[in-house]
Structures are given as structure tokens and as C-alpha cells.
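Same order as they appear, the protein sequences are chains A and B. Quick note: the first sequence uses the numbering used here, first residue 483, plus one each step. Quick note: the second sequence uses the numbering used here, first residue 6, plus one each step. Okay, so here's the structure we're looking at.
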Amino acid sequence: MSIDIETARRVAKLARIRVEEADLPKLAGQLNDIVTFMEQLNEVDVTGIEPMTSVTPMRLKRRADVVTDGNIQSQILKNAPDAREGFFAVPKVVE
Amino acid sequence: MNANTWTIAAARDALRKGEISAVDLTMSCLTAIDAADTLGAFVHKTPDIALDQARAADARLKAGAAPDLCGIPLGIKDLFCTKGVPSQAASNILRGFRPEYESTVTTRLFDAGAVMLGKLNMDEFAMGSSNETSCYGNAVNPWKVDDRKLTPGGSSGGSAAAVAADLCLGATGTDTGGSIRQPAAFTGIVGIKPTYGRVSRWGVVAFASSLDQAGPMTKSVRDAAIFLAAMSGHDPKDSTSADLAVPDFEAALTGDIRGKKIGIPKEYRMDGMPAEIETLWHNGAEMLRDAGAEIVDISLPHTKYALPAYYVIAPAEASSNLARYDGVRYGHRATLSAGDGITEMYEKTRAEGFGPEVQRRIMVGTYVLSAGFYDAYYNRARKVRALIKRDFELAFANGVDAILTPATPSSAFGLGEMASADPVEMYLNDVFTVTVNLAGLPGVSVPVGLDAKGLPMGLQLIGRPWEEGDLLNHAYVLERAAGFVAKPGKWW
């Protein structure tokens, strides 16, 4: 599988990272090198092997489904690039 | 008095005997830090916090029964969220971010009376092996053999440089593929990545959640044992943190490894490996044999596939974790043009905020998780990961107590020397360390000797899960036998 310029453009779009048109060929080349490196994995016989899901076999802990904090609006908004009237502000979302 | 050059263990004893105050100890580090700006190790200095903490530590020491780390000045990697103090993972996308909360690790350290000197340089989002992807600029290795400036390794490059240059008594690091052990080896210090789940990840900026673990970087194995104990333990805020008691790691340092079985994995003998590394490895095995251990050849047949599996899994997890940097809740937001909508805001913000290596890994991760490739890459990599873990389980089931390998494929290289290399060449730095993260095992890098150029070289010991104490005891034997006492000559 090789990554062409069209694929690089699509991946950048999916990742929500703007890549200038002139930079796409270099990016495609680098992604291609990395993906080629990954393709060594095709040499491994993985028949009957389950994908690893956790490092140590442990059950995730459960806790009661209750509110554990709150009333910290100012802390939550403290680092926002644009916060107004108690909300995060963003450009218009709906056309 | 040069108290900044002391080990944690020595300072602990001196503080209790009243030979020095925590304030004076802290001052000696702050003075050393201010004289070492060329190393680029400390990127946010916090002298006011340090002195407040040192004064509180002195009061506590006076009252008696203070924890081991009380009054010990430490550096904190920029990846840890520290309340009110810049914590930006060496990324422009978190410029100006001051967390409203404290990571579990730093909370534990401060509760134990430790002193924070400041935040330490690193590769952006811990993605790199040379500290060259940092938004702050390079961290520089205090070791120098000609006119070149050398890398301290990465991603915990600032931590390694700070400890090796005696700017602090110890530092926190994090390790996703080797980011504690490789820089420790490049700078002649000790670094341990504990078993996955030993140390809480809460409040540590996430890179690859199934691989990330924090650990200490120190001047001695004993210091690593003391420091690790203070960082470890169950945390309800991290669902992957293990609900296990933390043993007394320092008490495990008996120096007795008679009858222990040390595995030498043949797959770690790489083509083109420098003869010096091979000799070092051989000598290390002889030291353990002389201490009464049995040396056995073992096979970890899937070793070759660890790096490619890692470079599927880590970027996949990173692409998910880093989706949160959207210019809405914290950090950088791009200046928008008239008519720009929310998609343009995301795309411009992320293009401006993330450096090239981080962008590449996010895009690789996006690609391997995208429809049609998920099974071919991501699921296959997770299956190979299961096989890599099984290799280790079989070795341990056959009675092996610890595995000895080189820590890195070379000694420290020059900053900028890899600039024209393709990204995969830089990834090869992690070849001996990455298997340990994939399998979730503890691994420690111990300085063992100098190469012909006069640069430090380290060996790695890999232990059974949750047996950090036993692992550190092996490291302690190796440390004593190697007698590595060299220090970088001060040029900065």
C-alpha cells in the first residue's frame, strides 16, 4: 500500500491539520516510508492470536455513577482562548 | 559545599543529621540552574515555589519522622501538570496553559516534602529521541568530547541533562518507548520505567496511553529505589493504575543475586552494532556472573517486529489523545480570517500549534485507524504485541529472573546530525527499549562504562512485572561492579 498525494491530503483532512498544497508531496513521501516500515508486520504469522487489549490482566475498577465534583466553572474556563459569559466561544458552527 | 552534586540518599541523611538545611540544599541547586542556561534543561524555573517548599520541609524535618524525599530538590518534566505552573509538553499548542490541578505523581512527591525546582525540557509531547522536537529549543548533553554539542537523548532529555549536570538531585521522566532509559544511558545516569500501572498517569499529558509510564531519573540505583517508591501506588483517578501495595524498593537492595538467572536474548545482537556496545554487554554479563548469577542464552523471537508494531500502536493512540487540542478549551488558537468556520479553526490551530514530528505521528495514527486499514495495521500490530509479550512470559516461565541487553544502539550523537535522516532512522534509537513498553514490563538503564570517545554507555535490565525491587537489586549489583563514577567536565 503506498500513500499518494491524494491519500496524504485526505489523512491531513481527517486529522484536522492544515497542510499546504506544496508540502503534500514531501508529507506523502515520509508517510510512505513509515508505512513501508510497518509492513514488516505482514511477515508475522498471527493466526489464532487475539489482539492485545491490556498490558496486565486486570478488571477495570467500577465506581458508583454519581457526580463527584462540580461548581468549578471558572476553573474549567480559565485556560480557554475565548470564553464569554460562562461559555467556550467558537466560530459559527451552523450555516 | 556543592550539595547539588549529592545523591538523594546522601542528602536525606545529611538533612536528618542537620548538616544542611533544605533551604541551603535548594539554593545550591538554584544557583547551579542559573549558571546552566546553555544546557536548555530547565524551561520554567520555579525558585519561589522551591524555597517555600524547602522552608516547609525544614520545619517538617525538625519535627521528625519526615518521609525520605522531604527537602529533596527535584526537576519535573514538562509533561506533568503542575498547578499554576506552565505545563505545555514542550508544545506551542499548550503555550500559556497553567493547569488548575496537580498531577498525582507531583501531588505524591509534594506530600512527601519534595521540592520542585522547575519544569524540564523534553521532546514535544514526548515524541522524539533527541530532545530536538521541543518548542523550547534543544536540551544539551552536559557530556562533550569535542566542539560539537551532543543530544542528551529523548524524550526526557531535559531531565537527563539536569541530573547529569547536577542541577537537581533527581528528576521525573516518562517513558513510552524508551524515553527514560535512552536519555539516562546517553548521560551516564540511572533511569527506571516501572511496570505499566505502577505509577498513576493522572495529570500526565497523554501520548500513548497503553505504553506511557512515569519513572525517576537519578544519580544512583538507590536513589531510583527511594524516588520510585514515592511516586508509586494505586490512584482511583487512573483506572489502569494497579491496586497493589508498594514494596520497600530500597530494602530490596541487598546486593545478593546469587543463584539468579540472567537471560541474554540473542535477538538483541543487531547487525552493525558497534563493537563497543557488544563488549559492554559481554562485560556486564560477566559482572553479574561474578556476583553469583547464572547467565543463560534466551530467545525472544518477535523482537524484530517490536519497532514496527510500536510505530503503529503509539501513533494510533496519539492521534486519539491529541484530538483534544482543538483551540477551544486550552492552549493556542490560530488567528482566523473573515469567514473561517470551526473546521478552519481546528485545522489552522493544529497546523500552527503542533511541530512537524507530532503532526506526522498524528497523521500516521489517523491513517492506520481509518476505515479499511484498521485490521491491516492496527489490529495486526496488536496481535504482534501479544506475541512480543508472550516471548517475555515464556522466558520468565523458564526461570529467568532478569534480562540483560544494551540500552541504546550507540552513545550520544551530535545535535542536528540526524536532521537529514528520514523519521524511521531516528526511531531505531528505541530498538532495545520499546519491547519493554509493549510488554508492560519494568526496565532500568544503568551506566556501565565510557566508550573510546569518552561518552557514557548504559545497559538495560528487564524484570518480571511488579518486581521492581528485584530488578533494582540486579541493577544495584551491576552498578557496584561497574563502578561508574565519571562525571561530565563542566564547560557550561
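Each residue gets a CB set at the ideal place from its N, CA and C atoms; glycine is no exception.
- Of the candidates Arg227/B, Val226/B, Pro221/B, Ser225/B, Pro221/B places its Cα closest to the Cα of Ser237/B.
- For Pro320/B, the uninterrupted alpha helix (DSSP H) run begins and ends at 311-326, by DSSP.
- Taking CB atoms only, Thr538/A has a neighbour in chain B less than 7 Å away.
- DSSP places Ala402/B in the uninterrupted alpha helix (DSSP H) bounded by 385-402.
- Per DSSP, Asp228/B is one residue of the alpha helix (DSSP H) stretching across 226-236.
- In the DSSP assignment, Asp53/B falls within the alpha helix (DSSP H) that extends over 52-68.
- Only Gly445 from the region 431-462 of chain B bring a Cβ to less than 7 Å from some Cβ of chain A.
- DSSP lists Leu409/B, Val449/B as the beta-bridge partner residues of Leu466/B.
- The contact set of Asp551/A on chain B, defined by CB atoms closer than 7 Å, is empty, because the minimum CB distance reaches about 11 Å.
- By the neighbour-count criterion, in which 16 or more other beta carbons inside 10 Å mark a residue as buried, Tyr379/B falls on the exposed side.
- Put simply, of Phe191/B, Ser246/B, Ile231/B, Lys394/B the residue whose alpha carbon is nearest the alpha carbon of Asp217/B is Ser246/B.
- The distance from the Cβ of Pro147/B to that of Ala131/B is about 21 Å, inconsistent with a contact at the 8 Å cut-off.
- Closer than 7 Å to the CB of Phe569/A there is not a single CB belonging to chain B.
- Identification of residues in the region 514-533 of chain A having a C-beta nearer than 8 Å to some C-beta of chain B yields Asp515, Ile516, Val517, Phe519, Met520, Glu521, Gln522, Leu523, Asn524, Glu525, Val526, Val528, Ile531, Glu532, Pro533, given in sequence order.
- Contacts with chain B at 7 Å (Cβ-Cβ) include Lys560/A.
- Within the model, the alpha-carbon separation for Ile262/B versus Val301/B is close to 15 Å.
- For Glu352/B, the enclosing alpha helix (DSSP H) stretches over residues 347-358.
- For Pro573/A, the nearest beta carbon of chain B is closer than 7 Å to its own beta carbon.
- Within chain A, the C-beta atoms nearer than 7 Å to that of Glu352/B come from Arg498, Ile499, Arg500, in chain order.
- Val389/B and Ser225/B have their alpha carbons spaced roughly 35 Å apart.
- At least one CB of chain A lies nearer than 7 Å to the CB of Ile347/B.
- The shortest CA-to-CA distance from Ala339/B to any of Leu327/B, Glu322/B, Gly358/B is the one to Gly358/B.
- In this structure Leu542/A is exposed. Its beta-carbon is surrounded by fewer than 16 other beta-carbon atoms within 10 angstroms.
- For the region 205-228 of chain B, the residues whose beta carbon sits under 9 Å from a beta carbon of chain A are, in order, Ser215, Leu216.
- The Cβ of Thr371/B sits closer than 7 Å to at least one Cβ of chain A.
- Within the region 409-429 of chain B, the residues whose Cβ lies closer than 7 Å to some Cβ of chain A are Asp427, Pro428, Val429, listed in chain order.
- Counting along the chain, the unbroken beta strand (DSSP E) around Gln218/B starts and ends at 218-223.
- Counting only runs of 3+ residues, the beta strand (DSSP E) found wholly inside the region 134-184 of chain B occupies 175-180, in chain order.
- In this structure, DSSP gives Ile13/B a helical state, which the three-state scheme calls helix.
- Using a 10 angstroms sphere on the CB of Glu137/B, the tally of other CB atoms reaches 16 or more, which defines it as buried.
- Scanning its chain for C-beta atoms nearer than 6 Å, with the 5 sequence neighbours on each side dropped, one finds around Ser108/B the residues Phe85, Cys86, Gly208, Val209, in chain order.
- For Ala119/B, the CB contacts under 6 Å within the same chain, skipping 5 residues up- and downstream, are Leu74, Ile77, Leu79 in chain order.
- C-alpha of Asp53/B to C-alpha of Ser92/B: approximately 17 Å in a straight line.
- Interface criterion met: the Cβ of Lys543/A is under 7 Å from a Cβ in chain B.
- Pro428/B: member of the alpha helix (DSSP H) spanning 428-432, first to last residue.
- The way I'd put it, the region 56-76 of chain B doesn't touch the region 158-172 of chain B; fewer than three beta-carbon pairs between them come closer than 8 Å.
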